[in-house]
Structures are given as structure tokens and as C-alpha cells.
Amino acid sequence: MVTPAKKRAVGRSKLQREQTLTFIAFTIPGFLMYCCFLIFPILMGIYYSFMDWNGISPSYDFIGLENYADLLTDRKYKAALLFNVRYTLLLIVGVVVISVILALMLNREIKGRSFFRTLYFAPAVLSMITISLIFKQIFFYVLPAIGQRLNIALLSSNVLADRDLAIYGVLFVHLWQGVALPTLLFLAGLQTIPQELYEAASIDGANAWQQFRAITVTYLLPTLSVVLVLVVKQGLMVFDYVKSMTQGGPGGATQSIALLIYNNGFERNKYSYSITQAIATGLIIAFISFIQIKYTSGKKVE
Amino acid sequence: MKLWKKALSLAMAAALLLSVCVFAQAEDVVELEYVIHKTETAAIDGMQTVIDAFNEQNPGIHVTMTQVPDAATVLQTRAQTNEMPDLFSCTTSTMFEIMFEDGLIMDLTGQPFLENVEAETLKLSEYNGKNWRMPYSLSCYGLYIRTDIFEEQGLAWPTTWDELMDVCEKLTAAGITPFTLPDKTMVYQRMERMMSFISDDDEEFKQIAAGELEAKDSKTLQTYANAALQLAEYMTPESLGAEYTESYQQLLSGEAAMTINGQWSLTTLKDYDPDVQIALIPLPNPTGEESSVVVSIDTSFCISSSTQHPDECLKFLEFLSQTETAQTYTDIEGSPNVIKGVQYNVSELEKINETMAAGHIVISQNAIWPSGFRKELGDVATNLEIDRDLDIFYEDAALVIDDYYND
Chain A
601 MVTPAKKRAV
611 GRSKLQREQT
621 LTFIAFTIPG
631 FLMYCCFLIF
641 PILMGIYYSF
651 MDWNGISPSY
661 DFIGLENYAD
671 LLTDRKYKAA
681 LLFNVRYTLL
691 LIVGVVVISV
701 ILALMLNREI
711 KGRSFFRTLY
721 FAPAVLSMIT
731 ISLIFKQIFF
741 YVLPAIGQRL
751 NIALLSSNVL
761 ADRDLAIYGV
771 LFVHLWQGVA
781 LPTLLFLAGL
791 QTIPQELYEA
801 ASIDGANAWQ
811 QFRAITVTYL
821 LPTLSVVLVL
831 VVKQGLMVFD
841 YVKSMTQGGP
851 GGATQSIALL
861 IYNNGFERNK
871 YSYSITQAIA
881 TGLIIAFISF
891 IQIKYTSGKK
901 VE
Chain B
13 MKLWKKALSL
23 AMAAALLLSV
33 CVFAQAEDVV
43 ELEYVIHKTE
53 TAAIDGMQTV
63 IDAFNEQNPG
73 IHVTMTQVPD
83 AATVLQTRAQ
93 TNEMPDLFSC
103 TTSTMFEIMF
113 EDGLIMDLTG
123 QPFLENVEAE
133 TLKLSEYNGK
143 NWRMPYSLSC
153 YGLYIRTDIF
163 EEQGLAWPTT
173 WDELMDVCEK
183 LTAAGITPFT
193 LPDKTMVYQR
203 MERMMSFISD
213 DDEEFKQIAA
223 GELEAKDSKT
233 LQTYANAALQ
243 LAEYMTPESL
253 GAEYTESYQQ
263 LLSGEAAMTI
273 NGQWSLTTLK
283 DYDPDVQIAL
293 IPLPNPTGEE
303 SSVVVSIDTS
313 FCISSSTQHP
323 DECLKFLEFL
333 SQTETAQTYT
343 DIEGSPNVIK
353 GVQYNVSELE
363 KINETMAAGH
373 IVISQNAIWP
383 SGFRKELGDV
393 ATNLEIDRDL
403 DIFYEDAALV
413 IDDYYND
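Protein chains in written order, with the working numbering: chain A, 601 to 902; chain B, 13 to 419.
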């Protein structure tokens, strides 16, 4: 005999099954595309990293871990890795500091607030290459002229032609464009902070800096976590700015990993080796992101 | 009503028939894709003119040109996916040699139209004793001088390295910077062209890689480095940050009296300023020996072996090899052509043409160096201009040579 309770249970499990089916039906297309466009190429990459493919020939041989062994003694890869780490650290500091300051300013009741918000976001909609080409001209013609006029030795010659300064030239352009999106994210984060907290804090006698540290920063941590993931990825994979502004120069001073991978693949015809470099770099980025997400997610306000 | 329906069905049948006919006719036209490896407007215009003429003469064949900013990369990617264009042009590089070896390119050896190509260049373009490509034009490299500035200063055109240094001294004394050089990105090219006439082959690099020769004892590296340091003394301070465009601008504005570059720059320079008074002359040889002109095969044509229409492709190459076609192309593009009978009369290039005609030609070493080597050694050469330190130069050059020659 079927009791009403059992009937309900059957109905529930049927509903659950249907829900599962719907869930699967909705997930499968995305999952397949993810496999097709992400997982499969990665597996292919791993496969090719064990070969000696030159990127053209229809035939190639299995060489085991030789590419990985070469990577360990590759001075150019080490130099590029160091460049990227340095660049990423500078980029993180630059992006976070500038975009938090901009967000705080744009969050205040100022005249023409929407205008300024649009203005600061504008660089994000321009193409990286276009911006790089424009700045390349500014660095050649405009900046040295200003530097000479104001007697600033550092700016009196083309920054991009100076081995020590070229990284800052590239970084400046990256920041000019790269702070737009984080500013927007921080601005959105700022707007989630309840105003009462500031009121309560000021009644308790907290000064502006204490309020910023205890309330603003705490509330911005989730946004910071997202921004950090984005910026770290951008920094470790920087290509466009370098390729269009310095081409890795002068004398290889701004050779980034992505540029090195590109050059190995397309100029040296060492395709398999360049894929090995890409995989190693991917692992490094994954490791850094893992630590970073673990660290920041433990700190945010629940 | 019935009549209307009948008329409609008739019209539809006619339309169907017509479309079948059109389709059938479209199938008769053989579509060929050609990928050009050059990005200069003059080259693209020249090729388009030639292609239009070919299409007009051959109603059954239609050639279309694909132009991309980085053709070598595109060709490599297309080779990977087995989507090679029917026809493409190329310069000399290891990548194409891999393609020749792997049978991706049709063997043209013995094709009658190759007889229209100057025998020497044809020989030069062989790989493993076969003709995989039809060489078409050369590029030559030399010294651009502002003839008006030379005249004003009463200076003779330099023919030896010492004379060049003397000219530099005199120009400096007159308050004119002798050189503007596109050294932000192009040091590697000048280095390679200069090394090409310092030594005939890369035997020294092989010895350095084998540990049989110290980099500092290499005549090639020594001669180049000393010459490069001398040039660096006489270039505009902006040179290290300048690319082609900026160095053109400095030459045209008279900020500098000379630059070192290829004949391909001439069209652009004349475009910017049609009245500019310049000449391209052989770059004096820093070894003290006679000056030669360093040339490389700038354009050659290949047919991919996977094309469905080999006969039509051959027909296109045959068309290109005709003197009249080559003349049309050369007149627009502006490089010395290697098809027999083509007249090449550019007054700015008179001196360099004379030298070449006298047989003083050296082949660019890029054809024999490993892929990517010149750019990386170029980085070392750039650092030499910045540091002016020979020891670091030899040390770093040895590392790069070891990287590439022991690979």
C-alpha cells in the first residue's frame, strides 16, 4: 500500500531527478565548450611539450622531458621570469594604490561626478596597441622635450631607450589604461559599505585614517581579491604593451615571458620548447593564484 | 489567376536554371589565394597591379591577394593546420627551409620560366640543389647620404671606412650630427649586414660554439664591435630610441646627414619628402677591404604542394617572370629586380647599382645563420651601444652563439 508520505517521497525524488536532468542539460553545452576550447588545448600542449616539433613539420619525435630539462638551465627564461615578477609587483602596487585613491575620490559628493567617472574609465575602452603606439610617440617626441625644458635628467631622453627605465615606461602606459577597471570595481565595493559604520566610528572618536583602515579596507578585501587575480594575471602575461612599445628591448631588458614564448615559437621555430615554457609559466601562475585566493579569502568580512 | 500562377512557376524555374548556370560558370573560374610577405604600401600596390593584369588576361583564373601584418607567422600557423595558400612570397629564412625539406612547397626545378631569372640569383636561391622558389627582387643595404648637405659642406662621398670617419669629424665640426640610426629596433639588421661583409661565412661562430675560438679573438666580432662603437660616437642622441619612422624624420629634417639602411626605405623617404636630395651608396667596409653591397633575396615566389591547381599556379609564376610584368612591378615597388631585361633606373641608387653591376656583391648572412640568431645577437649589439663595453659584448655574444650553435 502506498502511503501519502511515500507518495510525497516519490514525487520529491522525481522532482529532484528532473531538476538534476535540467541542471545537466544546462551545464553540458558550457562544459563541452570549456573542454573543447580550454582543457583539450592544454592537453595538446602537454603532449607537444614532450616532442621536438618545430611548428611546421608534419612529423616530430618524442623526446621525453628534454624540453623541461632545458628550461631549468635557460638563462633567458630566468631573466624573463624575473622581469615579469618585478613588473607584476610594481603593477600590483600601482594599480591598487591608484585605483583605491581614484575610487575614494569618485565616491565623494563632487561636482560633475558622473563626468569624472566616465573620464577615468575611458582608457579601458581603447585598444592596447593603439595606446601603446600613441605613447611610443609621446616618449620619443614629447616627454624628452619636457624633460629638457625642466632640466629633469631622467626624462631628458627617451625612457623606452633606457635599459633601466624602459620597464617604468611600459608600466606607466599599462597603469594609465589598467587602473580603469579596478577603479570601477573598488567604487562598487565602496558603495556596499553601510554609512552607519562610519557614523558609529566617528562617535567613538576614530579619525579618518582609523576609519579607512578598519572599515573601508575590510569591506574592500573581497574586491581586492578579484583585482589581485586580474592584475597578477595581467602582469605575468604582459605581451601587447611590450611587443608594441619596446619589442623586448633595449638589449632584451623588457623581454617578458609571453614575448619570449612567442619568439621561440615563431622566430626560432622551437614550437615544442615554447609550449613547455608556456606550461611552466601556467603552473607558476596557478600556484601564485591559489596562494593568493586562499590568503585573501580568509580575511574578508562575512 | 491560373495564368499568374503559371507565370510565377515559369519565372521560378528560369531563376533556378539561371542560378545553376551562374554556379556552373563560377566553378569554371579557378580561385587562387596568394599571401604577400611584405607590408610596404609600394609592394602591395605593385603586386595588386600585376595580379589585376593577370586576372584580366586569364578569365578562367582569379588570383586574390591576402595581406597580413606578419605573414611568416600566419604561414607557419596555416602550415600547421594544413591550410596553406596556393601561392605565397617569401624572403630567405630557416622557416622556409623547413618547409622545403618537409615537402610543403612544390619543386620548381626545370620549369622553363626560371630561365627568365638571372642565373646567379637563381643559383643563390637554391636549397639542396633544387629550386623551390622563384627569386624576384633583391634588397640591398648601404649608406644613405643627404647629398645637399655634403655639397654645402664640400664633402666627397666616402668610399673607405677612414674617409667615412673623416666625413663624420668634419660634419661634427660644422655642427651637424653625422648619423641618425633606427637603433631602438634595428641594430640587429645593421649588425648582420656589416658582419656579412666582414666575413664570408659563420665559421668563426661555429668555432666559438665548439670552444675552439675565444669570442674576443673573433675577427668578425672585433671588427664589428669597433666599427659600431665608432658609429655610436657620431649618432644623434635620439637614435637609441628611434625606429625607422623617427630616423627617416631626422634625416629628412637635416638633423643628421646620413643613415644606414636598405633600399626599401627610399620609397618611404621620397613619399615623405619628394624633393629630398639623397643617395644610397655602398657602406664602406670597416675591415679596410673593398666595399661591397650586401644583398639578400627580398621577394621570391613559392607554390604550396597542397594546391589543387598546380597548373594555374605555374601559369601565374610564368606571368610574373615576363620582363614586362617584372618591369611594372619594379617601377612601383622600387627594388632591384632579377628578371632578365628589367631596367632599374633610380637616380638615388646609381652608385650602389654601379657597385653591384661591377660584381661587388656579398650575400646577407641571415640566410645561413640559425633562425632567430640575429635578433638575439642584436640585443647584445644594442647593449654594446649603451654600455660601450667590449668585454661585456664578447662575453654575451659568446653566450648567444653557444645557445644557437650548440642547439
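Using N, Cα and C, we set each Cβ at its ideal position, and we do this for glycine too.
- By the neighbour-count criterion, in which a residue is buried when 16 or more other Cβ atoms sit within 10 angstroms of its Cβ, THR718 of chain A is exposed.
- The contact set of ALA91 of chain B on chain A, defined by CB atoms closer than 7 Å, consists of ILE656 in chain order.
- For LYS196 of chain B, the nearest CB of chain A lies under 8 Å from its own CB, placing it at the interface with that chain.
- Among the residues of chain B, none has a CB under 7 Å from the CB of SER727 of chain A; the nearest is roughly 14 Å distant.
- Between the stretch 103-114 of chain B and the stretch 319-334 of chain B there are fewer than three C-beta pairs closer than 8 Å, too few to call the two in contact.
- Judged by DSSP in its simplified three-state form, PHE650 of chain A adopts coil rather than helix or strand.
- For CYS314 of chain B, the uninterrupted beta strand (DSSP E) run begins and ends at 305-315, by DSSP.
- Assignment of beta-bridge partners to ALA268 of chain B by DSSP yields B:THR189.
- LEU278 of chain B has its alpha-carbon roughly 11 Å from the corresponding atom of TYR153 of chain B.
- Within the stretch 156-208 of chain B, the complete alpha helix (DSSP H) segments at least 4 residues long are 159-164 and 173-185, listed from N- to C-terminus.
- Along the length of the stretch 716-741 of chain A, whole alpha helix (DSSP H) runs at least 4 residues long occupy 728-737, reported in chain order.
- Contact check for ILE56 of chain B against ILE220 of chain B fails: the beta carbons are separated by 8 Å or more.
- Residue state for ILE290 of chain B is assigned as strand, using DSSP reduced to three classes.
- At a cut-off of 4 residues, the continuous stretches assigned as alpha helix (DSSP H) that sit fully inside the stretch 206-287 of chain B are 215-221, 231-245, 256-264 and 277-284.
- Put simply, the CB of SER259 of chain B is far from chain A, with every gap to its CB atoms at 8 Å or more.
- A Cβ-Cβ separation of about 5 Å places PRO147 of chain B in contact with ILE309 of chain B under the 8 Å criterion.
- For the stretch 222-248 of chain B, the set of residues with a beta-carbon nearer than 7 Å to any beta-carbon of chain A is empty.
- Every alpha helix (DSSP H) stretch that sits fully inside the stretch 657-688 of chain A and reaches 4 residues is listed by chain position as 666-672.
- Cβ-Cβ distances below 7 Å link GLU302 of chain B to HIS372 in the same chain, with the five nearest sequence neighbours on each side left out; the list follows chain order.
- Annotation for SER872 of chain A: the continuous alpha helix (DSSP H) segment containing it runs 871-897.
- At a beta-carbon threshold of 7 Å, the residues of chain B lying near GLU867 of chain A are SER383, GLY384 and LYS387, ordered along the chain.
- Residues of the stretch 839-865 of chain A whose Cβ lies closer than 7 Å to any Cβ of chain B, in chain order: GLN847, GLY849, PRO850, GLY851, GLY852 and ASN863.
- Secondary structure remark: continuous alpha helix (DSSP H) runs of at least 4 residues inside the stretch 359-409 of chain B, in chain order: 362-369 and 385-399.
- Taking a C-beta cut-off of 8 Å against chain A, none of the residues of the stretch 276-287 of chain B qualify.
- Within chain B, not a single residue places a beta-carbon under 9 Å from that of PHE735 of chain A; the smallest gap is close to 13 Å.
- In the DSSP annotation of this structure, CYS325 of chain B is not part of any beta strand (DSSP E); the continuous alpha helix (DSSP H) holding it starts and ends at 322-332.
- Any Cβ of chain B closer than 8 Å to the Cβ of PHE626 of chain A would place that residue at the interface, and such an atom is absent.
- Among the bridge pairs identified by DSSP, HIS74 of chain B is matched with B:GLU43.
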